[in-house]
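Undergrad: Note that this note's numbering has the sequence shown beginning at 1, numbered continuously upward.
Below is the structure I would like to discuss, written out as structure tokens.
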Amino acid sequence: MSKKILLPFSLFLSLSLAAQHEEVDAPITEAAVQLQEVFIDGNREKLLGNWEKAAAKFREVLEKDPKNDAAAYELARVYEAMKDMEKAEANAKNAAEWAPDNPWYKYYLADLYQKVNKDKEAAAVYEKLVKMEPQNEEYYFKWAYYLVRASLPAEAIKVYDQLEKLTGIHEEVTRHKHTLYLGMGDYKKAAKELQMLIDKFPNSPDYRHLLATFYEQTGEKEKATAVYKEILALDPNDARAKIALAEESKGSDDIRFLNSLKPVFENPNTDIDLKIKEIIPYINRLSESGDKNLGNTLLALASLLETVHPNSAKTYSALGDVLNITGQPDRAVEKYKKCLELDETVWSVWEQLLYLYADKKDFENLVKTSENALDLFPNQAVAHYLNGLGHNGLHRPNDALLSLQQALMMSSKNPPLRFNTLKETAESYYQLKKFPLAESTLGEASNLNANDPALLERMGDVQFQLGKQSNAVQFWQKALEKGGKSPFLERKVAEGKLVE
């Protein structure tokens, strides 16, 4: 961007004052020097944040030199600092009008217009700047930007058209025009803009991918297919195009589609993010359905990731997920651990690993790993809850309570987590033989979920410890009716006493 170099305002002011009524080479008058001192005083007060004093100084300059653009500009800035946007705007307009060749005043005026939501006026300022410097590309972008803010997209497109006459077909300009046409609902012209990029850069697949994606988004599947075929004609190994065409032909046969991705997954040059993006929906589907064939197919693809991308954390995250869902927790643990060795910053992987340790009742590793997770994610309530669960599993209820209290403070907006935390807190109190506290805590938990068999059974245990045998049997019976399957529950009901 070409920019004019301006004289310092103090020197600019003195020259302006000297030239106003005299020849350029005439000596500077004493009055001009005194006025210059007032201007300098105004700037000093402005730097000190003494806005009222600064404004008074600049107004004094303008009283004696009514068209002093430098004073008007500085006064505008002072009024802006004082939040008097109306006066700031008026003085900025004066500065721009009195020094029409100074672009800096126009920049500032446009900025003020934006701040008071006068985007059309800001656009008009940049229109003038374009006329001043028609080769300055940045002015065109700013002009169009303000027109878009003023809800005049068609006018903005005309500005971009002017810029294209100056620069030729340019990706940034074309992308802006494409977006504007899209927003206006003119899909035909939106597609035409992308086609212009393809015509200019025929060997670049990226622009064809943009066009194909656009056609997919607008529901023009046949046109998208044709573009993907063009891409493969240029590059038969283009993975994105291969996947797109495979998806279009897959119908309802997910297994066949996933098997067709094997060559793509075997290619080390294909970005792993593209591969992960394709299988994530199917991993989610597997989690919901438990389909064995789908699981085996996904496991084969995820194993290819391990072969082709052995140093990517994403490989082991995906593989761990598939192993976890397909009932292979020990192998899933190893893959999640490998993922965290490569990248420890992904909380979801820590969470999956912690829940696996909890399910396996591997309390030593649960405590150790949750402590490591909390070093990185101290605000994750789940990590505090699982740390407490691990300590309870190791019969360290006092340590458990420290973590569980933290989890309770953080889980007010997460009822399921709060329920589990309350239940585990009651377990700590039970281990400490503080049965009244255990009873009240279980009662609070039951307000969130009164049908949990484990909670009902534990409430029965607490009632028995409090000497309320009949109540205990009633709770045990309810737990059994709700599907409770703990090893001693039936004996508790049958014998009417605590069995552990």
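Idealized CB from N, CA, C, for every residue including glycine.
(1) Exposed or buried, R44, counting other C-beta atoms within 10 Å across all chains shown (16 or more means buried)?
(2) My guess is that R458 and A426 are in contact by the Cβ rule of under 8 Å, so how many angstroms apart are they, rounded?
(3) I need the DSSP call for A373, collapsed to helix, strand or coil.
(4) Check whether the Cβ atoms of K106 and A96 sit closer than 7 Å, and answer yes or no.
(5) Report the residue ranges of all alpha helix (DSSP H) runs contained in full by the segment 330-391; include only those spanning at least 4 residues, in chain order.
(6) Can you list, in chain order, the residues of its chain with a C-beta nearer than 6 Å to that of Q431? Leave out the 5 residues immediately preceding and following it.
(7) When you compare only the Cα positions, how much space is there between D199 and P205?
(8) Does the distance from the C-beta atom of Y126 to that of Y139 stay below 7 Å?
(9) From this set, S289, Y73, A90, D119, which residue's C-alpha is nearest W104's C-alpha?
(10) Note down, in chain order, each residue of its chain lying with its Cβ closer than 6 Å to the Cβ of L422, except the 5 sequence neighbours on either side.
(11) Taking a contact to mean a Cβ-Cβ separation below 7 Å, would you say F257 touches A246 in this structure?
(12) Taking the continuous alpha helix (DSSP H) assigned at V173, which residues delimit it?
(13) Give the straight-line distance between the Cα atoms of E22 and D69, rounded to the nearest whole angstrom.
(14) Do K338 and Y357 have their C-beta atoms within less than 7 Å of each other?
(15) Cα separation between K482 and S411?
(16) Residues in the same chain with beta-carbon distance under 7 Å from K335, minus the five sequence neighbours each way, listed in chain order, please.
(17) For S287, which of helix, strand or coil comes out of DSSP?
(18) To the nearest angstrom, how far is it from the Cα of R491 to the Cα of A332?
(19) What number of angstroms, rounded off, separates the C-alpha of V308 from the C-alpha of K314?
(20) Distance check for P415 and L498, CA to CA, integer angstroms please.
(21) State the CB to CB distance for the pair I272 and L305, rounded to an integer number of angstroms; the pair is presumed to be in contact (CB under 8 Å).
(22) Would you mind working out which of L386, Y429, K192 sits nearest V462, comparing C-alpha positions?
(23) Using the rule of at least 16 other Cβ atoms within 10 Å of the residue's Cβ for burial, across every protein chain shown, is K165 buried or exposed?
(24) Helix, strand or coil: which one does DSSP assign to L11?
(25) Along the chain, where does the alpha helix (DSSP H) that runs through M196 open and close?
(26) In this structure, how does DSSP classify S470 when only helix, strand and coil are distinguished?
(27) Should I255 and N311 be called a contact, given that it needs their Cβ atoms to be closer than 7 Å?
(28) The alpha helix (DSSP H) spanning A99 covers which residue range?
(29) Nearest-angstrom Cα distance between H384 and P378?
(30) Which first and last residues belong to the alpha helix (DSSP H) in which E495 is found?
(31) Which ranges does the beta strand (DSSP E) cover as unbroken runs of at least 3 residues, wholly within the segment 225-309, from first to last along the chain?
(32) Leaving out the 5 sequence neighbours to the left and right, which residues in its chain are closer than 7 Å to L489 when beta-carbon positions are compared?
(33) Apart from the five residues on each side of it in sequence, which residues of its chain come closer than 6 Å, Cβ to Cβ, to V227?
(34) Pick from T218, Y108, N203, H170: whose alpha carbon is nearest that of A191?
(35) Measure the C-alpha to C-alpha separation of K360 and E495 and round it to an integer number of angstroms.
TA: Reading from the atomic positions:
(1) The residue given as residue 44 occupies position 44 in the sequence shown. Its Cβ having fewer than 16 others within 10 Å, R44 is exposed.
(2) By one-based count along the sequence shown, residue 458 stands at place 458. By one-based count along the sequence shown, residue 426 stands at place 426. Yes, R458 and A426 are in contact; Cβ-Cβ is about 7 Å, under 8 Å.
(3) Residue mapping note: residue 373 aligns to position 373 of the sequence shown, counting from 1. A373 falls in the helix class under three-state DSSP.
(4) As a first step, residue 106 is located in the sequence shown; it is residue number 106 there, counting from the start. As a first step, residue 96 is located in the sequence shown; it is residue number 96 there, counting from the start. Yes; because the gap between Cβ atoms is below 7 Å, this pair is in contact.
(5) 347-359, 363-376
(6) Reading the sequence shown from its first residue, position 431 is the one you call residue 431. Closer than 6 Å at the Cβ level, and outside the excluded window around Q431, lie P397.
(7) As a position in the sequence shown, residue 199 is number 199, starting the count at 1. As a position in the sequence shown, residue 205 is number 205, starting the count at 1. Taking the straight line from one Cα to the other gives about 11 Å.
(8) Locating residue 126 in the sequence shown gives position 126, where the first residue counts as 1. Locating residue 139 in the sequence shown gives position 139, where the first residue counts as 1. Yes, these two residues count as a Cβ contact at 7 Å.
(9) In the sequence shown, residue 104 corresponds to position 104, counting from 1. It is Y73.
(10) Start at 1 with the first residue of the sequence shown, and residue 422 comes out as number 422. Correct list, in chain order: T441, E444, A445.
(11) Here residue 257 is taken as the residue at index 257 of the sequence shown, counted from 1. Here residue 246 is taken as the residue at index 246 of the sequence shown, counted from 1. Going by C-beta atoms, F257 is nearer than 7 Å to A246.
(12) Position 173 of the sequence shown holds residue 173. V173 -> alpha helix (DSSP H) spans 171-184.
(13) Here the question's residue 22 lines up with position 22 in the sequence shown. Here the question's residue 69 lines up with position 69 in the sequence shown. Low local confidence applies: a pLDDT of 41 at E22 is under 50, so the model's placement there is unreliable, with the coordinate-based value given in what follows. Straight-line Cα distance between these residues: approximately 18 Å.
(14) Translated into positions along the sequence shown, residue 338 becomes position 338. Translated into positions along the sequence shown, residue 357 becomes position 357. No, the Cβ-Cβ distance between K338 and Y357 is not below 7 Å.
(15) By one-based count along the sequence shown, residue 482 stands at place 482. By one-based count along the sequence shown, residue 411 stands at place 411. K482 and S411: Cα-Cα distance of roughly 26 Å.
(16) Locating residue 335 in the sequence shown gives position 335, counting from the first residue. Excluding residues within five positions, the ones whose Cβ falls inside 7 Å are Y316, L319, G320, L323.
(17) Position 287 of the sequence shown, counted from the first residue, corresponds to residue 287. S287 falls in the helix class under three-state DSSP.
(18) Against the sequence shown, residue 491 aligns to sequence position 491. Against the sequence shown, residue 332 aligns to sequence position 332. In a straight line, the C-alpha of R491 is about 36 Å away from that of A332.
(19) By 1-based counting over the sequence shown, the position of residue 308 is 308. By 1-based counting over the sequence shown, the position of residue 314 is 314. Their backbone Cα atoms lie some 12 Å apart in a straight line.
(20) Taking the first residue of the sequence shown as 1, we reach residue 498 at position 498. Taking the first residue of the sequence shown as 1, we reach residue 415 at position 415. In a straight line, the C-alpha of L498 is about 30 Å away from that of P415.
(21) For this step, residue 272 is matched to residue 272 along the sequence shown. For this step, residue 305 is matched to residue 305 along the sequence shown. With a Cβ gap of about 7 Å, I272 and L305 count as contacting.
(22) The residue you call residue 462 lines up with position 462 of the sequence shown. Nearest option by C-alpha distance: Y429.
(23) Sequence index remark: in the sequence shown, residue 165 carries index 165 (1-based). Counting Cβ neighbours within 10 Å, K165 comes out exposed, since fewer than 16 surround it.
(24) As a position in the sequence shown, residue 11 is number 11, starting the count at 1. The predicted model places L11 with a pLDDT of 36, which falls under 50 and marks its position as unreliable, so this point remains unresolved.
(25) The residue given as residue 196 occupies position 196 in the sequence shown. Note, M196: alpha helix (DSSP H), 187-200.
(26) Counting from 1 along the sequence shown, the entry for residue 470 is found at position 470. In this structure, S470 counts as helix in the three-state DSSP scheme.
(27) Looking up residue 255 in the sequence shown gives position 255. Looking up residue 311 in the sequence shown gives position 311. No.
(28) In the sequence shown, the residue the question calls residue 99 occupies position 99. Run containing A99: none; DSSP gives neither H nor E here.
(29) Numbered from its first residue, the sequence shown carries residue 384 at position 384. Numbered from its first residue, the sequence shown carries residue 378 at position 378. Spanning the two alpha carbons is a distance of roughly 8 Å.
(30) Counted from its first residue, the sequence shown places residue 495 at position 495. Run containing E495: 489-495, per the alpha helix (DSSP H) assignment.
(31) DSSP runs (the beta strand (DSSP E)) wholly in the segment 225-309: none.
(32) Here residue 489 is taken as the residue at index 489 of the sequence shown, counted from 1. Same-chain partners within the cutoff: E457, W476, A479, L480.
(33) Here residue 227 is taken as the residue at index 227 of the sequence shown, counted from 1. R208, L211, A212, listed in sequence order.
(34) Sequence index remark: in the sequence shown, residue 191 carries index 191 (1-based). Closest by alpha carbon: T218.
(35) Locating residue 360 in the sequence shown gives position 360, where the first residue counts as 1. Locating residue 495 in the sequence shown gives position 495, where the first residue counts as 1. Approximately 30 Å, taken between the alpha carbons.
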